[in-house]
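The block underneath contains the structure these notes are about, expressed in structure tokens.
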Amino acid sequence: MSFLVPEIEIYLELLLICILIVFSAFFTCSETALFSLSRLDQLRLKEHPRKSCRLAVELLRSPRQVLATILIGNEFSDIISSSVATMLLVDLFGPRGELIAYPLMTIVLFLAGDLIPKVIGFRKRERMACFLAPVMKTFIYVFSPIRVLMLSFTNAFLRLFGLPTREEAGLSEEDLLHLVEESYRSGLLGEQEKRFIYGLLESENVPVSAIMTPRRDIFALEDGPITEELLHIIKKRRFSRIPVYRGDLDHVIGVLHVKDLLRWQLERRAKRLADLVRPPFFVPEMMKVRTLLEEFQKRRLKFALVVDEYGTIVGLVTLEDVLEELFGEIYDEFDVRREPIQEIAPGVWRVSPRVRIEEFNRATGADLPSEDFETIGGLVLYLFGELPQEGQALEAFGFRFVVEKIRGTRLVSIRVEKLS
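Numbering (my numbering) for the sequence shown: 1413 to 1832.
Right, dumping it as structure tokens:
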């Protein structure tokens, strides 16, 4: 049997195979380059003077459309190139050509159509995304009929399993946190801005009970005559708002504002604390911090008493507590300002739980693990396995961690001692 094939036909088939492999490489490289762009990369490209770079970001607004186009293009390129190669080799070598075609095209497509384009696309993702975006836009248009049909079948299967079919719009919380972290590492955001954004996002899930002053630590006054001794006690404690009760703390009749006492010292009209108090504001312990902030703003208040499901007072919370959850520690005129990492003795530090582990390592020369934990507080909670009590301590990574202060269910101060 003769397997003679016109020479021109061989060259044309080889050319077609090469073109199809280039198409396969294009789709693979495009997928890797576009979908490996971080949110920070996208922000840079969005402001880039080149139109093609801005187009790359625009394409990512419809990821399913892009992925469907890439899938169609890759499948067509791989299937047709393999088929043409098989026919050519069968024409040249007879039945043995089919045995040669399968391993040969597998290796060629893996190297030239998959591995090498992926490496290039990842390492040069911004450059390749800008370069390939206009061509990808063209293929999206060309393949639109097939893509619409394919997505219709896909959506039908998604509905069958009760999954959403719409494309995600906007940033998810995970994306936003990733963007914040990337911005912080690149210097676009400072430590304070980063803490604020993290606090704002977390406040949607943090209950008031996590930031309140617990019942046992509440300073309150029983209703009674206003005396000089009482004024001395109030002045010594330096609270701006104080709950006033009758009988016990579960029967609060109001909140005393210290500035009202100053007015009383001038007028001397009121005889008892009850004459000076303002109506109390009660909130449930499971109310979210974000909701409480909105209530404070709406009612123009800075103080609330926290109750459980039975109406028992379990704590109090102030606007300062809420803002500290968002911004970190806030100091008033009576506070002694402390650094987040304070060396109190050689090899001993008093540390805010919000301090990043990387920051602590730089400041102290320590080598605490920072891959799985963001802050000192997160590491300590993981090591204890539960919320520790004040004074509890444990040893790990060559250090002794002592819980110095807790407010409600939140760590406030940790002492870190280097073990000899």
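Even for Gly, the Cβ is constructed at its ideal location relative to N, Cα and C. Here the structure is a predicted model, which is why all the values come from computation and not from measurement.
Between L1500 and I1433, the C-beta gap is not smaller than 8 Å, which leaves the two residues out of contact. Annotation for E1706: the continuous alpha helix (DSSP H) segment containing it runs 1701-1711. DSSP places Q1477 inside the alpha helix (DSSP H), whose first and last residues are 1475-1505. Only exposed fits Y1794, as fewer than 16 other CB atoms lie within 10 angstroms of its CB.
A residue is called buried when at least 16 other Cβ atoms come within 10 angstroms of its Cβ; D1779 does not meet this threshold and is exposed. In the DSSP assignment, L1728 falls within the beta strand (DSSP E) that extends over 1725-1730. By the neighbour-count criterion, in which 16 or more other beta carbons inside 10 Å mark a residue as buried, M1698 falls on the exposed side. According to DSSP, residue pairing for I1422 in a beta bridge does not occur. Counting C-beta pairs with one atom in each stretch, the segment 1757-1767 and the segment 1810-1829 have three or more that are closer than 8 Å, which means they touch. Nearest to I1552 by C-alpha distance, out of D1672, T1481, F1694, is T1481.
Distance between E1770 and I1788, taken at the CA atoms: about 9 Å. Three or more Cβ pairs closer than 8 Å define a contact, and the segment 1700-1712 falls short of that threshold against the segment 1629-1649. For H1644, no beta strand (DSSP E) segment is defined; the enclosing uninterrupted segment is the alpha helix (DSSP H) at 1640-1649. Counting C-beta atoms within 10 angstroms of its own C-beta, D1660 has fewer than 16 neighbours from the protein chains shown and is therefore classed as exposed. Here the C-alpha atom of K1647 lies approximately 18 Å from the C-alpha atom of K1683. Annotated three-state conformation of L1633 is strand, per DSSP. Non-local beta-carbon contacts of L1426 in its own chain, meaning distances under 6 Å to residues more than five positions away in sequence, are absent. Excluding residues up to 5 positions away in sequence, nothing lies with its Cβ nearer than 6 Å to the Cβ of S1564 in the same chain. In this chain, the beta strand (DSSP E) harbouring G1666 covers 1664-1669. Close CB contacts of A1775 within its chain, under the 6 Å cut and outside five residues either way in sequence, are with I1753 (chain order). The C-beta of I1623 has 16 or more other C-beta atoms within 10 Å across all chains shown, which makes the residue buried. In this structure, the beta-carbon distance from D1635 to L1717 does not fall below 8 Å. Contact between the segment 1796-1813 and the segment 1709-1726 is absent, with fewer than three C-beta pairs closer than 8 Å. Annotation: M1562 to S1782 spans about 44 Å, alpha carbon to alpha carbon. Around the beta-carbon of F1435, 16 or more other beta-carbon atoms lie within 10 Å, marking it buried.
Shown here, E1807 sits in a strand according to DSSP, grouped into three states. In the three-state DSSP reduction, A1778 falls in the coil class, being neither helix nor strand. Taking a C-beta distance under 8 Å as the contact criterion, L1527 and F1438 do not qualify as a contact pair. Residue environment: R1768 is assigned as buried (16 or more neighbouring CB atoms within 10 Å of its CB, all protein chains considered). By a beta-carbon distance limit of 8 Å, V1496 does not contact L1570. Their separation comes to about 35 Å. Less than 8 Å separates the beta-carbon of A1541 from that of A1468. Cβ contact annotation for P1692 (same chain, cutoff 6 Å, sequence separation greater than five): V1664, G1666, V1667, L1717, in chain order. For T1625, the pairing in a beta bridge is given by DSSP as L1728. Between S1621 and the set T1518, P1696, I1654, the nearest pair of CA atoms involves P1696. Around the CB of I1420, fewer than 16 other CB atoms lie within 10 Å, so the residue is classed as exposed. Cβ-Cβ separation between E1807 and I1818: approximately 20 Å, too far for a contact (criterion under 8 Å).
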